[in-house]
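The sequence shown runs 25 to 499 under the numbering used here.
Glycine is no exception: its CB is placed at the ideal position from the N, C-alpha and C atoms.
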Amino acid sequence: MKKLFTYVFALSILFVSCKSSKEETEATLNQDKNQKPKNILFIAVDDLRPELNFYGANHIKSPNLDKLAASSMVFNRAYCNIPVCGASRASLMTGARPTRKRFIDAHTKKNEDYPEAISLPMLLKQNGYTTISNGKIYHYNKDDAFAWDEMWQPNQLWSYALPESQAIRKNTKRGLPFEMAKVHDSVYRDGKLALKVIKDLNKLKKSNHPFFLTMGLAKPHLPFTAPKKYWDLYNREDIELPESYVQPKTTPRQAFHKYGELRNYENIPKKGDLSDDLAKELIHGYYACVSYVDAQIGLVLDELKRLELEEDTIVILWGDHGWNLGDHKLWCKHVTFETALRTSLLIKVPGKTNGQKTNAITEYVDVYPSLVELVGLEIPNTVDGKSFVPILNGEKPGKDWAVSKFKDAITLIKGDLFYTEWIKDDGIAYARMLFDHKTDPLELNNLAEKPGYQQKIKVLAKELREKWGKDFLSN
Ligand SMILES: [Ca+2]
Numbered sequence: 025m026k027k028l029f030t031y032v033f034a035l036s037i038l039f040v041s042c043k044s045s046k047e048e049t050e051a052t053l054n055q056d057k058n059q060k061p062k063n064i065l066f067i068a069v070d071d072l073r074p075e076l077n078f079y080g081a082n083h084i085k086s087p088n089l090d091k092l093a094a095s096s097m098v099f100n101r102a103y104c105n106i107p108v109c110g111a112s113r114a115s116l117m118t119g120a121r122p123t124r125k126r127f128i129d130a131h132t133k134k135n136e137d138y139p140e141a142i143s144l145p146m147l148l149k150q151n152g153y154t155t156i157s158n159g160k161i162y163h164y165n166k167d168d169a170f171a172w173d174e175m176w177q178p179n180q181l182w183s184y185a186l187p188e189s190q191a192i193r194k195n196t197k198r199g200l201p202f203e204m205a206k207v208h209d210s211v212y213r214d215g216k217l218a219l220k221v222i223k224d225l226n227k228l229k230k231s232n233h234p235f236f237l238t239m240g241l242a243k244p245h246l247p248f249t250a251p252k253k254y255w256d257l258y259n260r261e262d263i264e265l266p267e268s269y270v271q272p273k274t275t276p277r278q279a280f281h282k283y284g285e286l287r288n289y290e291n292i293p294k295k296g297d298l299s300d301d302l303a304k305e306l307i308h309g310y311y312a313c314v315s316y317v318d319a320q321i322g323l324v325l326d327e328l329k330r331l332e333l334e335e336d337t338i339v340i341l342w343g344d345h346g347w348n349l350g351d352h353k354l355w356c357k358h359v360t361f362e363t364a365l366r367t368s369l370l371i372k373v374p375g376k377t378n379g380q381k382t383n384a385i386t387e388y389v390d391v392y393p394s395l396v397e398l399v400g401l402e403i404p405n406t407v408d409g410k411s412f413v414p415i416l417n418g419e420k421p422g423k424d425w426a427v428s429k430f431k432d433a434i435t436l437i438k439g440d441l442f443y444t445e446w447i448k449d450d451g452i453a454y455a456r457m458l459f460d461h462k463t464d465p466l467e468l469n470n471l472a473e474k475p476g477y478q479q480k481i482k483v484l485a486k487e488l489r490e491k492w493g494k495d496f497l498s499n
């Protein structure tokens, strides 16, 4: 009943908003006749961890992302607010923090969890933008439907190109964890997506309206399916298991999971560790998928340039959370180690960015207010984040911390410290974890139960409660 009420409430807000949106559009677009509103190309990459050359990794081949980074600002320390697809996306698109009850899991729907929030595409639409959702933006592809002028998905049910893989998929829960197929890029979903976004750019070029054009890539999310030529960019013998391929006894057991997401696929053992060969094959497949999405993004960026839209368009690229590629002997996301929380984030703002990198801490709730500030609109009061535009301007960042959560675990990131508490609805910690990245960047030495750190923990626990948001426990 509560949900129905909030939905009706949201619809009535929407009606009022839509009614006034034409007048607002005129007002906004006439604000300054000399300054054309900036377009936004919004690229979301599913499960893209920051293992890229411009983060100093040097083993994934991603020439197009590297080129984009060279004219963007790269955020070395960007963190998602929750390491799971649906919830992270709903939080980013509303600029609102996850709480104990809001934005919880992969199946989160913005319209169910926070219908009254004006999402980023809705705000832009109300202000004269053409808004197009292509591919995976929200997890549920019909979510926030009123915010979009158009919603499009590739016409393909599964990720597999080969008939034998498709047959296995048909008869099993998830199908194979990877596929190497000698096929053209456009056989897979993300290749089809790139062609659609290119078509949109050509259409939008002729329009008089600014655009919010999205490209939601499905890879490198499992299964790791990519054309063979991208697998061929890597030698299996060169692939190594991560340095942190261990689960220390001092880390609370709650910090780990059994990577059920991966075990749903065929040929993955239902319990226990993976063999080293299988682990390396997965890493190889992940790399191939990153190179494949890099090529699709390159096609779109080349078209943006060809159409001479570059100078009028902000490009933002983000992965929805980190990913454990064997780190801590884990696979997938759903934990609060830095490997699941730290994300790939870069933004190209014509006239402002030219390859800078920042170590300032940024959270995904900050993306919404930043984009809104960059296009000169007002930030709605449902937004919890803080604009990172001062960082783009070379000024002091507005804050030096981030808060992330997953299920009962909630993490404060402050300077070099990563402090996690596991709590229930009463807000009292039942497990704790503290890492100091200055001395322990791989997060192998939990300091939380060590006598010398209790005073520090007291301070961090208080700060965590001040920063997790006023509705964290109640809403
Ligand atoms: Ca994801």
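Which partner residues of arginine 366 appear in the DSSP bridge assignment? Tyr103
Distance between lysine 243 and valine 211 (C-alpha atoms, nearest Å): 14 Å
Per DSSP, cross-strand counterpart(s) of cysteine 109: Answer is none; cysteine 109 lacks a bridge partner.
Which value, in whole angstroms, describes the spacing of the CA atoms of phenylalanine 66 and phenylalanine 236? 7 Å
Just the Cα atoms here: how many angstroms apart are proline 201 and alanine 319? 22 Å
I think tryptophan 492 touches valine 427, with their Cβ atoms under 8 Å apart; what is that distance to the nearest whole Å? 5 Å
Using C-beta distances below 6 Å, list every residue in its chain close to alanine 433, excluding the 5 sequence neighbours before and after it, in chain order. Thr360, Thr444, Trp446
Three-state secondary structure (DSSP) at glutamine 380? strand
Quick one: what does DSSP say isoleucine 547 is sitting in, helix, strand or coil? Residue 547 lies beyond the range of the chain shown here (25 to 499); nothing can be said about it.
What residue from Leu323, Ile222, Ile403, Thr249 has the CA that sits closest to glycine 309's CA? Thr249
Any idea what DSSP makes of asparagine 469, helix, strand or coil? coil
Would DSSP call alanine 500 helix, strand or coil? Residue 500 lies beyond the range of the chain shown here (25 to 499); nothing can be said about it.
Leaving out five residues before and five after aspartate 300 in sequence, what residues of the same chain have Cβ atoms less than 7 Å from its Cβ? Leu265
Quick check on DSSP: helix, strand or coil for phenylalanine 361? coil
DSSP-derived helix/strand/coil call for glutamate 267: coil
Alpha carbon to alpha carbon, how far is asparagine 348 from glycine 284? Give it in angstroms, no decimals. 13 Å
Helix, strand or coil at tryptophan 355 according to DSSP, with G and I counted as helix: strand
Identify the continuous beta strand (DSSP E) that holds aspartate 301 and give its terminal residues. Unbroken run through aspartate 301 is the alpha helix (DSSP H), 300 to 330; no beta strand (DSSP E).
For aspartate 344, is the beta carbon positioned less than 8 Å from some heavy atom of ligand 1? yes
For the stretch 362 to 374 and the stretch 86 to 105, state whether three or more C-beta atom pairs, one from each stretch, are separated by less than 8 Å. yes
Compare the beta carbon distance of glutamate 397 and tyrosine 103 with 9 Å and say whether it is the shorter of the two. no
As assigned by DSSP and simplified to three states, the class of threonine 118: helix
Decide if isoleucine 452 is buried, meaning its Cβ has at least 16 other Cβ atoms within 10 Å, or exposed. exposed
Here's a check: name, in chain order, each residue in its chain whose Cβ is nearer than 6 Å to the Cβ of asparagine 377, leaving out the five neighbours to either side. Reading off the sequence shown, one finds threonine at residue 377, where the question assumed asparagine. Correct list, in chain order: Ser96, Met97.
Can you tell me which of the three DSSP states valine 207 falls into? coil
Would the beta-carbon of tyrosine 392 fall within 9 Å of that of isoleucine 403? yes
Straight-line gap, asparagine 88 to valine 314 (C-alpha atoms, nearest Å): 11 Å
N-terminal and C-terminal residue of the alpha helix (DSSP H) that tryptophan 255 is part of: 252 to 255
Proximal residues to aspartate 56 (C-beta, below 6 Å), its chain only, five neighbours per side dropped: Here aspartate 56 scores only 48 on pLDDT, less than 50, and its place in the model should not be relied on; the value that follows carries that caveat. Nothing listed; no residue qualifies.
Starting from the C-beta of lysine 410, find all residues in its chain whose C-beta is less than 7 Å away, skip the five residues before and the five after it, and write them out in chain order. Asp390, Pro393, Gly422, Lys423
Distance between valine 373 and lysine 216 (C-alpha atoms, nearest Å): 27 Å
Assuming the contact rule is C-beta atoms closer than 8 Å, lysine 134 and aspartate 167 should be a hit. Round their C-beta distance to whole Å, please. 5 Å
Spatial distance of glycine 350 from phenylalanine 430 (CA atoms): 19 Å
Residue interval of the beta strand (DSSP E) (run including tyrosine 454): 453 to 460
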